[in-house]
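Under numbering that gives the first Met the number 0, the residues of the sequence shown are numbered 0 to 485, in order.
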Amino acid sequence: MTLFLDHDVHPLRENGLFIGGEWIARSVSGRSFDVRNPATGAVVATLPDGGAPETEEAIERAVEAQRSWGTTTGPYRARILERAFELMEEHADGLARIVTQEQGKPLAEAIAEVGYGSSFLHWFAGEAERIYGRTVPASQENKRILVIRNPVGVTGAITPWNFPVAMVTRKVAPALAAGCTVVLKPSELTPLSALAVASLLKEAGLPNGVLSVVCGLDAAAIGDVMLDDGRVRKITFTGSTRVGKSLIRRSADSVKRVSMELGGQAPFIVFADADLEAAADGLLAAKMRNTGQSCIAANRVFVERAVEREFTRMIADRMGRLRVGNGLDDAVDVGPLINAAALDKVERHVRDAVDRGAELVLGSSRLREAFFEPTVIAGVDDGMLVAREETFGPLAAVLPFDTEDEVVARANGTEYGLAAYYYTRDVGRVMRLADRLEFGIQGVNDGFVSVAQAPFGGLKHSGLGREGGSEGIEEFLETKYLSLAV
Ligand code: NAP
């Protein structure tokens, strides 16, 4: 197996599959697969193609390790997580280069992602020391009631390609903090970032078997082994709603706990009384981060009719100045899309809107192989594809509205409920919207909402459970109560 990274990046001096604390250079099948840079198509690395046998082995090792890891103290686990946090900070540049090479985002964004990703290690190191039980007043004098918390146990974690470091640490850090062992399957498109995180955790002192990383082309084969094994007590997944639903169904057979971070369809609402400059800056962050390939990306930009023209011009000015290209080049603001299917989807959304009468304000074309121009369309209505599906690309669709009641109903008119953004100076309206909008994450005059301290997650078809915050560790803990006669 060869590694073609353009630097001798520390976190990946060793590589392969990471099973039971060992680096495995050959898959059982003998097959391997290439990881490519989406900006150039160049092969970044070639990895063994793991599948069912590797997943079975990883689960065996996790079951063994669970016995000891599950009884370690919180402060012990906290020290390992905190050391991994420090290592990730130390190697942020190298890790960011891996992210950019396999995922495409500009280096500055990759560095920001590594910072966000490492913050989960730090946050959950703290939470590991705060796994509290309770005593409950009993109704009889000779009784005591105690509530205790234990780790859920062996956890199967499945992560997507769009934030290949942060989506891993957002799951692995709380699981480890709670005392769970983890078998991780990262996206086949971005396995190197996950392997690098595992390598840093190993260096930080994580015992063998507590975390394994199985990479491979057959996601369903790996997932099926996790789902079919009754010893895996928890599935935590980030990805599409379609795959998430199938994992929920399959988890029912062995009644596994599930956490699901699924798709979004975020409304971004601009009222006429808003600070429009702040709203335009906020939209740029909420729309263009990771070339729009984010589950919390603003997908429907609702603008009150009185300021629709002015606001559309402001965002077109900003988006028109962004430089598109290879994320490894310093001057680049917007990277490639992940693959041809992603480009096709953006193109289809633009064509459908324009064919049905929307106005093209900026962009609309593919640029070379893997890139799409930042694009703005106005006069969009709720029936157009772009208003009904997650675009996952650099397309801002502006939908005019007239009243608060109307925009709340239209914003909620989707099966998704992940993130919503609204810009207004009216405090009363903020509180009304907070209650009425059916979205788990709300940016109020704020386009940048992801932090480790806050509970991240969606309502409706956007998911189950929360990641981050004090809620994040709850997902990996069981509750038992003791009724004690004294
Ligand atoms: P995806 O196709 O569902 O893939 C996500 C992960 O699931 C990947 O590791 C994938 O493996 C794996 N997978 C696919 N089919 C599987 C199966 N049958 N069994 C087990 N695993 C399977 O989603 P994606 O296109 O990579 O990610 C984009 C989606 O994720 C968007 O909808 C986005 O909104 C959502 N997302 C949500 C959040 C959130 O926090 N709510 C965050 C980020 C992204 P391979 O890649 O190897 O096929």
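Beta carbons are placed, not taken as given, at the ideal position from N, Cα and C, and that holds for glycine. Given the structure is predicted, the values throughout are model-derived calculations rather than measurements.
**OP:** Reducing DSSP to helix, strand and coil, say where L188 ends up.
**Re:** Of the three classes helix, strand and coil, the one that applies to L188 here is coil, per DSSP.
Subject >> Same chain only: Cβ atoms within 6 angstroms of D5, ignoring 5 sequence neighbours per side >> reply: Residue placement at D5 cannot be trusted, given a pLDDT of 45 that sits under 50; what the coordinates show is reported in the next sentence. Excluding positions up to five away in sequence, the list is empty.
**OP:** Ignore the nearest five residues each way along the sequence and tell me which others in G457's own chain have a CB closer than 6 angstroms to its CB.
**Re:** G416, L417 and G439
Original post:
How would you call N141, buried or exposed, if buried means at least 16 neighbouring beta carbons within 10 angstroms?
Top reply: exposed
Original post:
Where DSSP assigns a beta bridge to K459, which residues make up the other side?
Top reply: Y415
**OP:** Mark L481 as exposed unless 16 or more other C-beta atoms lie within 10 angstroms of its C-beta, in which case mark it buried.
**Re:** exposed
Original post:
Is L261 near the ligand NAP, judged by its Cβ being under 7 angstroms from some heavy atom?
Top reply: yes
Original post:
Using a threshold of 7 angstroms, is the CB atom of P159 nearer than that to any non-hydrogen atom of the ligand NAP?
Top reply: For P159, the distance from the CB to the nearest heavy atom of the ligand NAP is below 7 angstroms.
**OP:** Within its chain, find whatever has a CB closer than 6 angstroms to the CB of V181; leave out the 5 residues flanking it on each side and keep chain order.
**Re:** T154, A156, V171, A174 and L210
Subject >> Bridge partner(s) assigned by DSSP for F267 >> reply: V300 and Y420
Original post:
What did DSSP end up calling H6 once you bin it into helix, strand or coil?
Top reply: Because the pLDDT of H6 is 48, which lies under 50, any placement of that residue in the model is unreliable, and the question is left without a value.
**OP:** Taking only runs that begin and end inside the segment 149–179, name each unbroken alpha helix (DSSP H) of 4 or more residues, in chain order.
**Re:** 165–177
Subject >> Start and end residues, beta strand (DSSP E) containing E500 >> reply: Residue 500 falls outside the range modelled here, since the chain spans only 0 to 485, and no answer is possible.
Original post:
Looking only at C-alpha atoms, which of W68, E474, F371 and R317 sits nearest to G324?
Top reply: F371
Original post:
Hey, quick one: how far does the beta strand (DSSP E) through I376 stretch, first residue to last?
Top reply: T374 to A377
Original post:
Below 8 angstroms between beta carbons: does that hold for R428 and E403?
Top reply: yes
Original post:
Just reading off the alpha helix (DSSP H) that A61 is part of, what are its end residues?
Top reply: A51 to W68
Original post:
Any heavy atom of the ligand NAP within a distance shorter than 7 angstroms of the CB on V450?
Top reply: no
Subject >> Coil, strand or helix - I130 by DSSP >> reply: coil
**OP:** Could you pull out every residue in the same chain whose Cβ sits closer than 6 angstroms to the Cβ of L261, ignoring the five residues on either side in sequence?
**Re:** T240, G243, S461 and G462
**OP:** May I have the straight-line CA-CA distance separating R409 from A77, to the nearest angstrom?
**Re:** So the alpha carbons of these two residues sit roughly 45 angstroms apart.
**OP:** Quick one: using the 10 Å Cβ neighbour count with 16 as the cut-off for buried, is R248 buried or exposed?
**Re:** exposed
Subject >> N298 to T70 span [Cα, whole Å] >> reply: 45 angstroms
**OP:** List the whole-angstrom C-beta distance separating L194 from N14, where the pair is believed to meet the contact cut-off of C-beta under 8 angstroms.
**Re:** 6 angstroms
Original post:
Sorted by chain position, which residues of the same chain lie with C-beta nearer than 6 angstroms to E126's C-beta, five sequence neighbours on each side aside?
Top reply: A176 and I472
Subject >> Cross-strand partners of L366 (DSSP beta bridge) >> reply: F370
Original post:
To the nearest angstrom, how far is it from the Cα of T1 to the Cα of H348?
Top reply: Low per-residue confidence applies at T1: pLDDT is 41, beneath 50, and the placement is therefore not dependable enough to give any value.
**OP:** Measure the CB-CB distance between A284 and F447 and report whether it falls below 8 angstroms.
**Re:** Yes, these two residues count as a Cβ contact at 8 angstroms.
Original post:
Between the C-alpha atoms of A453 and R66, what's the straight-line distance to the nearest angstrom?
Top reply: Spanning the two alpha carbons is a distance of roughly 31 angstroms.
Subject >> Extent of the continuous alpha helix (DSSP H) run through K479 >> reply: That residue, K479, is in no alpha helix (DSSP H); its beta strand (DSSP E) goes L476 to A484.
**OP:** To the nearest angstrom, report how far apart S364 and V353 are at their CA atoms.
**Re:** Roughly 13 angstroms separates the two Cα atoms.
Subject >> Host beta strand (DSSP E) of S31 (start-end) >> reply: Note, S31: beta strand (DSSP E), S31 to R35.
Subject >> With 16 other Cβ atoms within 10 Å as the buried cut-off, status of Y421 >> reply: buried
Original post:
If we count the other Cβ atoms within 10 Å of its Cβ and call it buried at 16 or more, is L483 buried or exposed?
Top reply: exposed
Subject >> K104 - containing alpha helix (DSSP H), residue span >> reply: Looking at the DSSP string, K104 is not in any alpha helix (DSSP H), and its letter there is neither H nor E.
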